[in-house]
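The listed protein sequences correspond, in order, to chains A and B.
Residue numbers for the first sequence, in the working numbering: 54 to 423.
Residue numbers for the second sequence, in the working numbering: 8 to 631.
Using N, Cα and C, we set each Cβ at its ideal position, and we do this for glycine too.
Structure, as structure tokens:
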Amino acid sequence: MPIDRRLLLYINWPLFGLAVILFLIGVLNLYSASGTRLEEGMNMAPFYHRQLLWGLMGLFGMVVFMFFDYRHLKTLAWPLFWTTVVLLVAVFFAGKTIYGARRWLDLGFMNFQPSELAKIAILIVGARILSREREPLNFIRLAYVFGVGLVLAGLIIKQPDLGSGLSILMILGGMILFRGVTARVFKTCLVAIPCLLPLSWFFLHDYQKQRIMTFLDPTTDPLGAGYHIIQSEIAIGSGGFWGKGFLEGTQSQLRFLPERHTDFAVAVFGEEWGFVGTMILLTLFCVFLYQMVVIARDARGLFGSYLAAGVFFYFFWQILINTGMVLGLMPVVGIPLPFISYGGSATLVNFCLVGLVLNVSMRRFLFKQA
Amino acid sequence: MSDLYNESEQQAPRSGLILLQALILGLFCLFAIRLWYLQIHRSEEYQAKALENQLRQESIPSPRGLIRDRNGDLLAVNEPAYALGIIREDCPDVDRLVHQIAAWTGKDYFELKTLYNKNRKRVKPFEPLIIVPDLTFAQLALVETNKLRWPGLEIQFRPRRLYRYGTLLAHVLGYVAEADEEDMARRPDLALGDYVGKQGIELMLEDRMRGSKGLAQYQVDVNGRRLKERVLRHPQAGHEISLSIDLGLQKLCMDWLAEEAGGVAVMDADTGQLWALATAPSYDSNDFSSGLSSKQWAKLRDNPLHPMQNRVIQSVYPPGSIFKHVVAGAGLHYGMIAPNETVFCPGFVKLGRRIFRCWRRGGHGKVDMNRALVESCDVYFYKLGKKLTVDRMSEFAKAVGFGEKTGIRLPHEKAGNIPTREWKLKRFGESWQGGDNLNMAIGQGFTLVTPLQVVRFFAGIANGGRLLKPLLLKDEKTVVQADIPLRPDQIELLRQALVDTVETPHGTCRRIRTKGVVVGGKTGTAQVVRLTDELKELKDDQIPYRFRDHAWMAAIAEKDGHRFAIACLVEHGLHGGSGAGPIVKAVIDYLFEGKVTPNPEERKAKARAVRALSLKHKEKRRAD
């Protein structure tokens, strides 16, 4: 297909730019978190080097995801869904066990995690199902849509990978809310969910309960998870209004702050750039999210809208949970902050999903004029 | 294809779009408020905490268990010591600090720096890397006054092993030293700079004596200075240990060995407990716990007298005439000779064209077993050995514990050697000769024993036939390892021969006679010249000295139901009677009369002179 010049014209350039800017901020922050003030032999230089490489691959992936017509995904939705299910089942039989969990398929050249594929599958299948719904969802439709997500989530939780399983449900849940539910369903859920939530306590592993208890009172575990919370709060709080300056954060530079290149990366940022810097970062993220709302609004066709909404929630939950955790508003769970935390495949997926949404944006007027 | 494009031109749900925008707004407000709260409202408080409130953990070393002798006298204790370390995360300029430490302690900068580089990667973050393990008080005072100006400098208090009688018991107690890579791989709770037992009892009972470390948590400011400390887990001291060794007796033995190379083992014949295990020359265990310099180590290693060698358990010697009791036992056990059967000794025996002489040129005349043992007649045993052959002699020798380790709780014990036909074929590619039987029968030739095996065997004769495991701990239960395969009357025969050797006018052990004590003994002379390839490596520096025979004496002593066995070996001590006898006599006097007979100065001077003069002439082998 020859590339139409109008396609480039309609790309949502602010979103494109924000993804790149956020990523660069992330690399800069990673450079600082790598501890340049430490002695040789102890620094983590390879982290930001590798992150840069992954970013380049991400940019390439983003472009790839922009230049096919996203509407083809609609026909691919169910095949993709069933492929994912088959792969998830295959994990139980042929999966590779790492750290006590069977999550990986060995492809020979790399380890592949089908739960990552499931996150993309739920976006596409969710968008397809929901875009066909003419009315707000009643109980029956809700059960059907949610059931589709449960198939994937259940298989993933069984691996066990509670975090990924729940994030599938949360992405789908967000998309359902975007579609809207009937008033009855809404009211019922509003009452039922807070009532049922305490029950889930009994299904949690001990270490998960421990984390929640630690969150409620960090001093019970001052050297474990509580230590993370305490040190993270100190790092951010001590940043003050202007911050301590790039590479000047004592908490992170002196390695009091654990996991400072992954889950707690934003604490490094908060310490060094202060209230001003962190607010700018927060604003950037909000504008980033807002661009997806714009794309969802302007998309030609509901499938595109739901795709954009799905990607919105994919990022929204991560930002909410990770930042909430770093700011001491939520229990410690291992969820990275998009573009800021170190992580190769996550960066790649993030860029690709941005590419997908850009794809939706650039094809919004195509058919009026065709 | 049309399916792709026939979608209704419906707009995204309005409520959904509003929801997404509301979520963004909510997210923004929630985090903005929290950020304001943390970074503005409570910023000062957190800044103060960032400077002060840093939690770190540190393990508290556990004191090792004390070691006492059988009477409760302390042998090994712990004393406070101060080590100097670097916490590299707190240290802005390690190089300068190392220079400063070198200046304070007078150590070589490059040596310290090498040590630092070597160990740097093995220390956990925020843990001190010890580079000077032992500060003197003067140095401590100097460092303490300057400490605050050097962030990253850490003075660590830890207990250090002190051996109150450094050289007296070095071979029994062993020593402790800093754990090396291997130790740490074997025991995960060990960290760099921890002390572990490396030799002797310290090594063998490491797990019992080490105790378990405690854990402290403390706060540091941004420069690593300590603020508050809290103990999370108290250290548990290691178990205390009481040795079976009698400090006084050990001292006496060491004093008597003084200038000579040799070993003494004193065993309670009824329990197997060792009351003394002396070996000379010795080294000082304390040298190791404060870190041995390479110079000191080289000096120990290159000393021709091998002070690190435990001569009682790690050195092997031909037993000489004391082996005659083993051969006599074999003769009785296999019924090859009756006790009263006599043999005529003309002073020599012919075997083929070779002549085997008795130590008494004129011969002993007619001798029975008792006289043969008491007067140490070689001809009697040549003839008995010929009858027994190597097969029976070695089988019996093994049955009474020779040629195998005794299982004492000390590392690196040697098994010695009891030859067999197959052994000789394999070792030398030669078949066993008739003459070898004769040599073996008088304790020469290929037979090699440790003094510990000797004392165990003679304790067996003293206690009626039980071979006991040599014990070093006071609370250890007696272990009967084997029974001497002889009837009680046969054992009594051997025992009586020992006593007669002391008591009768012709006996060779008359000098250890002690009033009121039943004493038995047997001297031995271990010829070294013909075994040069076995012993060459031990004594190559001192050629004249090394030609001299080793002096043996094995003894038993009994009074009021207390029975002891004593084995004494003096390297190149010439005659069992004069070389080893006085030591055994002093031991018996101490055991039964509490008398401490000091080693006369002449004896020490003579021993010194012997080595110094390096007598060149070969001593003729003289059986006593």
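Return the first residue and the last residue of the alpha helix (DSSP H) that glutamine 146 of chain B is part of.
If you number the second sequence from 1, residue 146 of chain B lands on position 139. Unbroken alpha helix (DSSP H) run through glutamine 146 of chain B: 144-153.
May I have the straight-line CA-CA distance separating alanine 504 of chain B from alanine 572 of chain B, to the nearest angstrom?
Walking along the second sequence from the start, residue 504 of chain B turns up at place 497. Walking along the second sequence from the start, residue 572 of chain B turns up at place 565. Each residue's alpha carbon lies about 15 angstroms from the other.
Which residues, in order along the stretch 331-356 of chain A, keep a beta-carbon less than 7 angstroms from a beta-carbon of chain B?
Cβ contacts with chain B come from Thr331, Met332, Leu335, Cys339, Leu342, Tyr343, Val346, Ala349, Arg350, Ala352, Gly354, Leu355 and Phe356.
Give a yes or no on whether the minimum CB-CB distance between glutamate 188 of chain A and chain B is below 8 angstroms.
For the purposes of this step, residue 188 of chain A is taken as the residue at position 135 of the first sequence. It does not; no Cβ of chain B falls within 8 angstroms.
Anyone know if the C-beta pair for alanine 533 of chain B and proline 326 of chain B falls short of 8 angstroms?
Translated into positions along the second sequence, residue 533 of chain B becomes position 526. Translated into positions along the second sequence, residue 326 of chain B becomes position 319. Contact: yes.
When DSSP labels each residue in this structure, what does tryptophan 107 of chain A get in the three-state scheme?
For the purposes of this step, residue 107 of chain A is identified with residue 54 of the first sequence, where counting begins at 1. Three-state DSSP puts tryptophan 107 of chain A in a helix.
I believe serine 69 of chain B touches valine 183 of chain B by the beta-carbon criterion, under 8 angstroms. Please report the beta-carbon distance rounded to the nearest angstrom.
Within the second sequence, the letter at position 62 stands for residue 69 of chain B. Within the second sequence, the letter at position 176 stands for residue 183 of chain B. At roughly 13 angstroms, the Cβ-Cβ gap does not stay under 8 angstroms, so serine 69 of chain B and valine 183 of chain B are not in contact.
Using beta carbons (cut-off 8 angstroms, strictly below), is glycine 159 of chain B in contact with chain A?
Mapped onto the second sequence, residue 159 of chain B falls at position 152. So no, glycine 159 of chain B is outside the interface.
For chain A, is any of its Cβ atoms less than 8 angstroms away from the one on glutamine 46 of chain B?
Locating residue 46 of chain B in the second sequence gives position 39, where the first residue counts as 1. Interface residue, yes.
Does glutamine 54 of chain B come within less than 8 angstroms of chain A when only Cβ atoms are used?
Counting from 1 along the second sequence, the entry for residue 54 of chain B is found at position 47. Chain A, which has a Cβ nearer than 8 angstroms to the Cβ of glutamine 54 of chain B, makes this yes.
Would you list the residues sitting across from cysteine 575 of chain B in a DSSP beta bridge?
Translated into the one-based positions of the second sequence, residue 575 of chain B becomes position 568. DSSP output for cysteine 575 of chain B lists B/Val271 and B/Met560 as bridge partner(s).
Comparing the C-beta of glycine 179 of chain A with each C-beta of chain B, is any distance below 8 angstroms?
To locate residue 179 of chain A, count along the first sequence from 1; it is residue 126. Answer no: the Cβ-Cβ gap between glycine 179 of chain A and chain B never drops below 8 angstroms.
What are the partner residues of glutamate 185 of chain B, as DSSP defines its beta bridges?
Here the question's residue 185 of chain B lines up with position 178 in the second sequence. Partner(s): B/Tyr202.
Residue ranges of each alpha helix (DSSP H) run of no fewer than 4 residues wholly in the stretch 238-277 of chain A, ordered along the chain?
Those alpha helix (DSSP H) runs which fall completely within the stretch 238-277 of chain A and span 4+ residues are 259-269.
Might you give, ordered along the chain, the residues of its own chain that have their beta carbon closer than 7 angstroms to the beta carbon of leucine 210 of chain B, omitting 5 neighbours on each side?
Taking the second sequence and counting its residues from 1, one reaches residue 210 of chain B at position 203. So the list reads Gly181, Gly204 and Pro418, once near-sequence residues are dropped.
Could you tell me the distance, in whole angstroms, from the CA atom of lysine 394 of chain B to the CA atom of methionine 343 of chain B?
Against the second sequence, residue 394 of chain B aligns to sequence position 387. Against the second sequence, residue 343 of chain B aligns to sequence position 336. Answer to the nearest angstrom: the Cα atoms are 7 angstroms apart.
Taking just the CA atoms, how far does lysine 481 of chain B sit from lysine 331 of chain B?
Looking up residue 331 of chain B in the second sequence gives position 324. Looking up residue 481 of chain B in the second sequence gives position 474. When rounded, the distance between both Cα atoms is 32 angstroms.
What does the alpha-carbon distance come out to for the pair isoleucine 289 of chain A and alanine 180 of chain A?
One-based indexing of the first sequence puts residue 289 of chain A at position 236. One-based indexing of the first sequence puts residue 180 of chain A at position 127. Their Cα atoms are separated by approximately 38 angstroms.
So that I know if they touch, is there some Cβ in chain A lying closer than 8 angstroms to that of alanine 198 of chain B?
Locating residue 198 of chain B in the second sequence gives position 191, counting from the first residue. Output row for alanine 198 of chain B: interface = no.
Among B/Tyr89, B/Lys302 and B/Pro166, which one has its Cα closest to the Cα of alanine 83 of chain B?
For the purposes of this step, residue 83 of chain B is identified with residue 76 of the second sequence, where counting begins at 1. The option with the nearest alpha carbon to alanine 83 of chain B is B/Pro166.
Please say whether proline 426 of chain B and valine 397 of chain B have beta carbons closer to each other than 8 angstroms?
Numbered from its first residue, the second sequence carries residue 397 of chain B at position 390. Numbered from its first residue, the second sequence carries residue 426 of chain B at position 419. Yes, the Cβ-Cβ distance between valine 397 of chain B and proline 426 of chain B is below 8 angstroms.
For proline 288 of chain B, which option in B/Leu264, B/Ser219 and B/Leu142 has the closest C-alpha, if you only look at C-alpha atoms?
One-based indexing of the second sequence puts residue 288 of chain B at position 281. Per the Cα distances, B/Leu264.
Could you check what DSSP says for leucine 81 of chain B in three-state terms: helix, strand or coil?
On the second sequence, position 74 is the one that residue 81 of chain B refers to. Note: leucine 81 of chain B maps to strand in three-state DSSP.
What's the gap between the Cα of phenylalanine 418 of chain A and the Cα of glutamine 104 of chain A?
Counting from 1 along the first sequence, the entry for residue 418 of chain A is found at position 365. Counting from 1 along the first sequence, the entry for residue 104 of chain A is found at position 51. Their Cα atoms are separated by approximately 36 angstroms.
What residues match up with serine 219 of chain B in a beta bridge as DSSP calls it?
As a working mapping, residue 219 of chain B is identified with position 212 in the second sequence. Note: serine 219 of chain B sits in a beta bridge opposite B/Gln243.
For methionine 109 of chain B and aspartate 102 of chain B, I'd like the C-alpha separation in whole angstroms.
On the second sequence, position 102 is the one that residue 109 of chain B refers to. On the second sequence, position 95 is the one that residue 102 of chain B refers to. Before going on, a small fix: residue 109 of chain B reads as alanine here, not methionine. When rounded, the distance between both Cα atoms is 11 angstroms.
Residues in the same chain with beta-carbon distance under 7 angstroms from glycine 523 of chain B, minus the five sequence neighbours each way, listed in chain order, please.
Numbered from 1 along the second sequence, position 516 holds the residue referred to as residue 523 of chain B. Excluding positions up to five away in sequence, the list reads Lys566.
Are any of the Cβ atoms in chain A nearer than 8 angstroms to that of glutamine 107 of chain B?
Position 100 of the second sequence, counting from 1, holds the residue named residue 107 of chain B. So no, glutamine 107 of chain B is outside the interface.
Considering only the beta carbon of each residue, do glycine 221 of chain B and arginine 240 of chain B sit closer than 8 angstroms?
Within the second sequence, numbered from 1, the residue matching residue 221 of chain B stands at position 214. Within the second sequence, numbered from 1, the residue matching residue 240 of chain B stands at position 233. Yes. Within cutoff.
Per DSSP, glycine 528 of chain B forms a beta bridge with which residues?
Indexing the second sequence from 1 puts residue 528 of chain B at position 521. Note: glycine 528 of chain B sits in a beta bridge opposite B/Ala562.
Identify the contact partners of leucine 409 of chain A in chain B, using a Cβ-Cβ distance below 8 angstroms as the criterion.
Counting from one through the first sequence, the residue named residue 409 of chain A turns up at place 356. The premise fails here: leucine 409 of chain A is roughly 16 angstroms from chain B at the closest Cβ pair, so nothing lies under 8 angstroms.
Could you tell me which chain A residues have their CB closer than 7 angstroms to the CB of leucine 117 of chain B, listed as they occur along the chain?
One-based indexing of the second sequence puts residue 117 of chain B at position 110. Residue identity check: residue 117 of chain B is phenylalanine in the sequence provided, not leucine. Neighbours of phenylalanine 117 of chain B on chain A: none; closest Cβ ~19 angstroms, over 7 angstroms.
Would you mind giving the Cβ-Cβ distance between tyrosine 225 of chain B and glutamate 65 of chain B, rounded to the nearest angstrom? I have them listed as a contact below 8 angstroms.
For the purposes of this step, residue 225 of chain B is taken as residue 218 along the second sequence, with counting starting at 1. For the purposes of this step, residue 65 of chain B is taken as residue 58 along the second sequence, with counting starting at 1. That belief holds up - the Cβ atoms of tyrosine 225 of chain B and glutamate 65 of chain B are roughly 7 angstroms apart, short of 8 angstroms.
Using DSSP's beta-bridge definition, name the partner residues of histidine 569 of chain B.
Taking the second sequence and counting its residues from 1, one reaches residue 569 of chain B at position 562. Paired residues: B/Lys566.
Under 8 angstroms by Cβ, that's how I've got proline 140 of chain B and alanine 90 of chain B pegged, so tell me the actual separation to the nearest angstrom.
Taking the second sequence and counting its residues from 1, one reaches residue 140 of chain B at position 133. Taking the second sequence and counting its residues from 1, one reaches residue 90 of chain B at position 83. Right, their Cβ atoms sit about 5 angstroms apart.
Can you list, in chain order, the residues of its chain with a C-beta nearer than 6 angstroms to that of asparagine 317 of chain B? Leave out the 5 residues immediately preceding and following it.
Start at 1 with the first residue of the second sequence, and residue 317 of chain B comes out as number 310. So the list reads His178 and Thr286, once near-sequence residues are dropped.
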